Structures are given as structure tokens and as C-alpha cells.
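Taking it in order: structure first as C-alpha cells, then the write-up.
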Amino acid sequence: MIRFLDKAAIVTPHDELNQDGSPKEPWSLCSIQQVEEVKILLRLLPVWATFVPFQLAISQLRSYIAVQALQSDTRLFGSNFEIPAPFHDVFFKLAAAIWIPIYAKLLVPAAQRITRKEGGITVLQRVGTGLFLGVVSLVVAGLIEEKRKRRMDSSMGSVWLIPQIAVAGVADKMSLVGLVIFSQQEFPERMKVVAWWAPLFLARGLGYSLAGVLVSAVHKGGNWLPNDLNQGKLDYYFFLIAGLLLMNFVCFLYYAGKYKYRCQV
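Residue numbers (our numbering): 488 to 752.
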């Protein structure tokens, strides 16, 4: 579908060349290498695009966990020790820090023995696992919020909020690391250094921006997200995002199934 780009490398009678064969007007004539590099980037775009809704979801989950904790019992299992509401987000990074060595030292070797592949699974399968866990984290968040609202006296322990943020932390690292490795493998050689930060910052920036748009749309449609969460429908909001993530995951499976690695092209 992107073979039409080959026309950019065809020399026409109107093109003027320098003595070394390079075009005098780079915007009117491209080298074959440049055309192939653009093709590579276009093949990557659909995979990158699925990371944007994921970042939207993660940003909303992390934004509201402190608010949920403020309207919960922050005492640790009923003791006198209290977990500060903003501290609950620490479990996002803590879960990821615990997961990484477990994945690298235990799960990868086990998967390698089963699949007989380096790394156990492909990088796209790793990204897909992270995206699916993102769906799980939002569903868990919605169920926990339902449980919290049933106790209008805010007596639910805030420790119940830890599973949703912990699963989100694991999901974020699984998908992010997979996406960076995937980009490193597939990026044109001259652009390898960009592969380290381009997927992350572009997807995260777009995801966070779209999160603001989604919140504004929800506010216009109803009072789902008031200051007092007990009077709102944060659980519906989480389920809505989970539905969006599920559709996003299906799109990812479609694109990943059709994607051809550079070594296969």
C-alpha cells in the first residue's frame, strides 16, 4: 500500500543532479534509502498509535488514586500507621521494580524453554501483554471503586487500591520496554538513537493531552467526576476507559498480526 512512495526516487527529465549524483533539490527527488526509511516509519505508526490510548488510561488511573485514597481509610490494616494518600502512587513504580527481575530471571528462561525462542516471546507479544494488563488494571479499578462507594462512611481500607495501581505499573513496564526494543530493532540505522525516546514521549504526550479532552467530554455529558467521588461515577469512568483499551488491544492484535519485521521484508 505504500509502494507509491517509490515514485519519489524516480529521476525525471525535470530533476537536476549534482556531479556526485545527489539532487540539487532534495525535496523533489529522494534516494532509495530515504524512501525505504520512510516506509519503515509508516509501518511502525499503527503499532505506536495503540500506545497512545494506553498512556491515556495510565494517566487517569494515577491521577485519581490519591483522590480515592482521601475518601478511604488510609490506616494500614486498621493499625495506627497511615499511608499518605499521594504515597499510593509509589506502588506503581514499586510493582514495576519487583516485576522486572522476576520477569527477567524466572519467566523469560521458562518461556525460552517452551518456545525455544530468544527472549521467550516476541517484542510485539510483550507489548500486547502490557496492553492487555492495562485493560485488567482499569477493570479492577472500576470494581474496587464500586466497592469503595458502597461504604459511604469511607471505611474501605485504601490498601484495596494497591492492586489496580500495581497491575498498571507492571503493564506500563511490559509495554514500554517492549515498544522501545521493538523500535530499536525496526528503526532505520541512521535513526537508532531516536528510537529510545520517540515512542515514549510522543505516545505519552498525546495520551496525556487526550486525557484532558476525555475528562472535558465526560464533564459535559454528566457529573461523573465531582470533587466528592461518593457522589460521582468514577467506576463508570474506569469501565469506559477499560472499554476503549479493549478496542485498542483488538486493533493492536490486528496490526501486530499483519506486521512484517525488517528481517522478513
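Beta carbons are placed, not taken as given, at the ideal position from N, Cα and C, and that holds for glycine.
Bear in mind that the values here come from a model prediction, so they are computed numbers and not experimental data.
Start-to-end residues for the alpha helix (DSSP H) that takes in residue i
i, result
"E633", "610-637"
"I728", "721-745"
"T602", "595-602"
"H706", "685-708"
"W586", "577-589"
"M661", "649-673"
"Q547", "538-557"
Nearest-angstrom Cβ-Cβ length linking residue i and residue j, presumed shorter than 8 angstroms
i, j, result
"S642", "D576", "That belief does not hold up - the Cβ atoms of S642 and D576 are roughly 22 angstroms apart, past 8 angstroms."
"L618", "T537", "7 angstroms"
"L712", "Y724", "6 angstroms"
"G656", "A582", "4 angstroms"
For residue i, the nearest candidate out of the options (CA to CA)
i, options, result
"G615", "Y746, K745, L740, Y748", "L740"
"P650", "G744, Q671, R637, L625", "L625"
"S550", "Y723, I652, F568", "I652"
"A628", "Y748, L732, A743, L721", "L721"
"V700", "Y742, Q547, E524", "Q547"
"K636", "Q521, S703, Q718", "Q718"
"A584", "F669, V737, L712, V654", "V654"
"G621", "Y748, A743, F736", "F736"
"A743", "R613, Q671, A572", "R613"
"F669", "L593, Y746, F579", "Y746"
"K759", "F568, A658, R638", "Residue 759 cannot be examined here, being either before or after the span of the chain that is shown, 488 to 752."
Cβ-based neighbour list, residue i, same chain, cut-off 8 angstroms, excluding 5 preceding and 5 following
i, result
"I608", "A598, T602, T616"
"R677", "E524"
"E605", "Q599"
Residues of its chain near residue i, where Cβ-Cβ distance is below 7 angstroms and the 5 sequence neighbours each way are ignored
i, result
"S645", "A556, S559, D560, T561, I570, H575"
"R691", "Q542"
"I587", "K660"
"L731", "P540"
"N710", "G719"
Minimum Cβ-Cβ distance from residue i to chain D less than 8 angstroms
i, result
"W684", "Going by chain labels, chain D is absent from the structure shown, which holds only one protein chain."
Neighbourhood of residue i by C-beta distance below 6 angstroms, restricted to the same chain and skipping five residues each side
i, result
"E524", "P675"
"A729", "V622, L625, V626"
Can you find at least 3 beta carbon pairs, one from the region 522-532 and one from the region 550-560, that sit closer than 8 angstroms? no
Quick check: the region 671-691 against the region 625-639, are at least 3 beta-carbon pairs closer than 8 angstroms? no
Below 8 angstroms, can you find three or more Cβ-Cβ pairs linking the region 694-703 to the region 534-548? yes
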